[in-house]
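One structure is given here, and the rest of the page talks about it.
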Amino acid sequence: MNLQIFWFCLIAVLWGGYLVLEGFDFGVGMLLPFLPRNERERSIMFESIGPVWDGNEVWLVVAGGATFAAFPAWYGTMFSGFYLALLLVLFLLIVRVVSFEWREKGEGTRWRKVWLWANTVGSTGIPLIWGIALSTLLHGVPLSSSGDYAGTFWDLFTLYTVLGGIAFVVVFAFHGANFLTLRTTGDLCRRTRLAARALAVPAVAVGAGFLIWTVKVAVDRNDKDVFPPVLPAALAIAAFVLAAILVYAGRDGFAFASSAVGTLGIVATLFTSLYPRVMVSNPNFGNSLTVPGTASAHYSLAVMTVVALIVTPIVLLYQGWTYRVFRHRLGGDEPVPDDGRELRAQPEA
Amino acid sequence: MTVATTAVDLARLQFATTSIYHFLFVPLTLGLGPLVAIMQTIWHRTGNEAWLRLTRFFGTLFLINFAIGVATGLVQEFEFGMNWSVYSKFVGNVFGAPLAIEGLAAFMLESTFLGLWIFGWNRLSPRLHLATLWIAVVGTWLSGYFILVANSWMQHPVGYKIVNGQAQLTSVWALLSNGFALRAYLHTMLAGLIFGTIVMLGVCCWHFLRGHEVDLFRKAAKLALIVAVPVTLLQLVVGNRFGEAVTSAQSMKIAASEAQWNTCDPCGFSLFQIGGFSVSDETPSFSITIPRLLSYMATGSFSGQVQGLNQLQHQEQRKYGPGNYMPNVRVIYWSMRVMAFLGVLMFLVAATGAWLYWKRKLERARWFQWTAIAAIAFPYIAATAGWVLTEMGRQPWIVQGLLLTSKANSAIVGTVWLGVSLGVFISLYLVLGIVDFVLMRRYAQPDRPMSREELPAPAVTY
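Chains as they are written, first to last, in the numbering used here: chain A, -4 to 344; chain B, 473 to 934.
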């Protein structure tokens, strides 16, 4: 396997890692206005993802950096072409980042409500846009012969790509509910489980619909055979069906694992359908950007490969350890552990 | 002064706005991180509860600030591709590598371990919990290194060759050990520590002024001063040495920062001048100059030669063809002076504070307390001036000698989109800035009682 293909796969892995991990914290964010009945439950939901969301988001930063370094021409065309979409992503990302830190630092219910909704809007909007953007890479946009974007903002919106966006949202809501079921106790946990059940069938339906359509788009618009894209697609559909069954069977842990595998399957399907292109041109298929056409030179890739091979296992180890440290359930009779962030002011009596 | 009207102008204005804003938060993270870690270490070693309270107090400020640093950093990474796609395609082979490595090796570390530190008070053993903070701090410092390696390559490109109109990496070692980068790194990290200590000192003095928790904040002030005095002094030396590196890599930047129109030998250092900032007006109508000092600062010798703007302009034209290769002299001259004068001022503040502390007068010297509170603004202004000098001093190049800024922006992104995104960032950043300021003030202010009962379990269980 040459290094260009290795880096194409690695970028798929980075997106996979990002969407599996941040996927569930997006999901928790989407459920914030609906599940909790009081302030304490809202805090528990925030705390369930509090220690990990930032580490999860770094996978996106690394995916972006890796695309810049390994496929500069892809990075340049995609980021300048999807301009308004990415501007919106940035706006929502920023609002969401500060919502975590600031919600509890202010005072008053109104303040907390504002930042809770900011988190929900970000948690819904960001995956919606990523779903649209990633499926657009496959569905195709007008590219010029010099490899620049030649379309408009509206070229991102087709029935297929919008379904991609909706699929990301619904699947992550389901994935997030599965995660939260594992992290809570008592009544909140019971309601979360009900939410997971309610979301299971829509997630399977929308997820499967999007996956099947993706394979069709790959064949129709990217000159691919049904095989191999159908392989990860079938795996992903099976994983989502299994996740739904496990949710109804009350096997929360396995359900979460299955929705994680399903999410990975979506990313795998998209990138398998895309290869050997990175951005399909439509019309003028010949202008499509390809892996060899956009890749950095061998030496740069070799250097980064060495770094990635050394550092990635370490990252996986310490992030895995983080999840182990914070594996306990929150809530129930046990007092919520103080997050230790501040010395809160005691209102003077 | 013309209003930005072309796409390049708007893209530059946007990058300047977002990166300067980003760097208002980053250096405080870099500097306050190790200071908070030291406080927690002292608490861990001595068991003195005061240090735990200080850890929490300054840790909260650290985290409020950190959140915006993270949020605005994302913008920087995306902005290269969005607004500067020609640049991205040209430099990606070289410039992309340190960025990608930064994400994987450094940013991942700081984000994950900071999460562990914030939520790990009751979940980790005290020793391990302390270690998470130190690891996060190492992450922030590593992060700074890779970012400055990338930036320094734009100032002084090394270890590359040009193939098919693209810069390609030929030696990663040359890239990572770029002398320019190492000096810039040292300079920036010292700036971070100055941020941390000056902000800490100012907050302590605020508490002294109100007579609030004086004993507690005396400890913090002592720590801040012990670090601030050597660091502000060292920064004057390092800044000077960094200037020498700039002289050899970017002669035009140095000539502009001194408004030195013609080659001189030896050269005096202009402390202040009126006029003398344009080709049509080369001689200032008034100036205060220290003889031979510029020669020393730029070359390390009191009789060193410093090339003038006019001579350099000739050389560049011969090398790169017709065009104007001079940056905006007025802006560069003043940004250099604002940075340098504030650097000296901050050393004086630190030294005076240390002397007062020594004489046990710090808690009572109200004039100094007010000065120290006002001095909180100094590092922010100095760092901003420093980046203006670094980035505007490189103009008209985006990569020194290789690519012109005017040819590097995204051709398909027009003024409308740039205007819209600039508007979005400015309004969003204004709101963030105001909220951040209000929160920082609220959590730093003396009127906010810090009750002992609020101390969580660790004080007992550890």
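Glycine included, every Cβ here is placed at the ideal spot set by N, Cα and C.
Only a predicted model underlies this, so the values are computations on that prediction, with no experimental measurement involved.
Note down, in chain order, each residue of its chain lying with its Cβ closer than 6 Å to the Cβ of residue i, except the 5 sequence neighbours on either side.
i      : result
B:T735 : Q779, G780, Q783
A:L111 : L27
B:M511 : W523, L526, T527
B:V609 : G505, P506, A509
B:W733 : E754, G780, L781, N782
B:D908 : I540
A:F21  : S118, P122, F167
B:L581 : G611
Does the beta-carbon of residue i have 16 or more other beta-carbons within 10 angstroms, so that it is buried, or is it exposed?
i      : result
B:Q867 : buried
A:L311 : exposed
A:P308 : exposed
B:I746 : exposed
B:L576 : buried
A:V8   : buried
A:W149 : exposed
B:H628 : buried
B:I906 : exposed
A:N114 : buried
A:I305 : exposed
B:L902 : exposed
B:A639 : buried
In whole angstroms, give me the CA-to-CA distance for residue i and residue j.
i      : j      : result
A:R355 : A:S38  : Only positions -4 to 344 of chain A appear in this structure, which leaves residue 355 of chain A out of reach.
A:V92  : A:A263 : 27 Å
A:K100 : A:R324 : 24 Å
B:G891 : B:L900 : 14 Å
B:A693 : B:W556 : 44 Å
B:G886 : B:A479 : 6 Å
B:N537 : A:A64  : 29 Å
B:I540 : A:F86  : 13 Å
A:E52  : B:M554 : 20 Å
B:S729 : B:G711 : 14 Å
B:W889 : A:T131 : 20 Å
B:T642 : B:I884 : 31 Å
B:T761 : B:D737 : 14 Å
B:T824 : B:R690 : 15 Å
B:D687 : B:L588 : 30 Å
B:T477 : B:Y559 : 20 Å
Can you tell me whether residue i sits near the ligand ZN, meaning its C-beta is under 7 Å from at least one heavy atom of the ligand?
i      : result
A:G248 : Here there are no bound small molecules, and the ligand ZN is not part of this structure.
Kindly indicate if chain A contains any beta-carbon less than 8 Å away from that of residue i.
i      : result
B:S624 : no
B:R599 : no
B:I540 : yes
B:I590 : yes
B:V816 : no
B:I514 : no
B:L502 : no
Excluding sequence positions up to five away, which residues of its chain have a Cβ less than 8 Å from the Cβ of residue i?
i      : result
B:L706 : L662
A:I127 : A80, L151, F152, T156, V157, G159, G160
B:I492 : T856, W859, V860
B:S773 : S767
B:V810 : I853, A854, A857
A:E343 : With a pLDDT of 34 at A:E343, under the threshold of 50, the modelled position of this residue cannot be trusted, and the question is left open.
Hey, is residue i's beta-carbon within less than 8 Å of any beta-carbon in chain B?
i      : result
A:G59  : yes
A:I127 : no
A:Y13  : no
A:I6   : no
A:P308 : no
A:E99  : no
A:V109 : no
A:E96  : yes
A:I0   : no
A:V273 : no
Using C-beta distances below 7 Å, list every residue in its chain close to residue i, excluding the 5 sequence neighbours before and after it, in chain order.
i     : result
A:S75 : Y144
Item checked: 4-residue-minimum alpha helix (DSSP H) runs that sit fully inside the stretch 252 to 335 of chain A, ordered along the chain -> The stretch 252 to 335 of chain A contains these whole alpha helix (DSSP H) runs: 286 to 289, 293 to 320.
Note to self: Just to confirm the assignment: which complete alpha helix (DSSP H) runs, minimum length 4, are found wholly within the stretch 137 to 184 of chain A?
What the structure shows: 154 to 178
Note to self: As an exercise, report each continuous alpha helix (DSSP H) stretch of at least 4 residues that is fully enclosed by the stretch 648 to 724 of chain B, in chain order.
What the structure shows: 651 to 681, 686 to 721
Note to self: Which runs of the alpha helix (DSSP H) at least 4 residues long sit entirely within the stretch 764 to 813 of chain B? Give them in chain order.
What the structure shows: Taken in chain order, the complete alpha helix (DSSP H) segments of 4 or more residues contained in the stretch 764 to 813 of chain B are 765 to 771, 781 to 792.
Check: Which runs of the alpha helix (DSSP H) fall wholly inside the stretch 581 to 613 of chain B and span at least 4 residues, in chain order?
Finding: The qualifying runs do not exist here; there are none.
Item checked: Whole runs of the alpha helix (DSSP H) within the stretch 843 to 907 of chain B, excluding any shorter than 4 residues -> Annotation: the stretch 843 to 907 of chain B contains the following complete segments of the alpha helix (DSSP H) (minimum length 4 residues), in chain order: 849 to 864.
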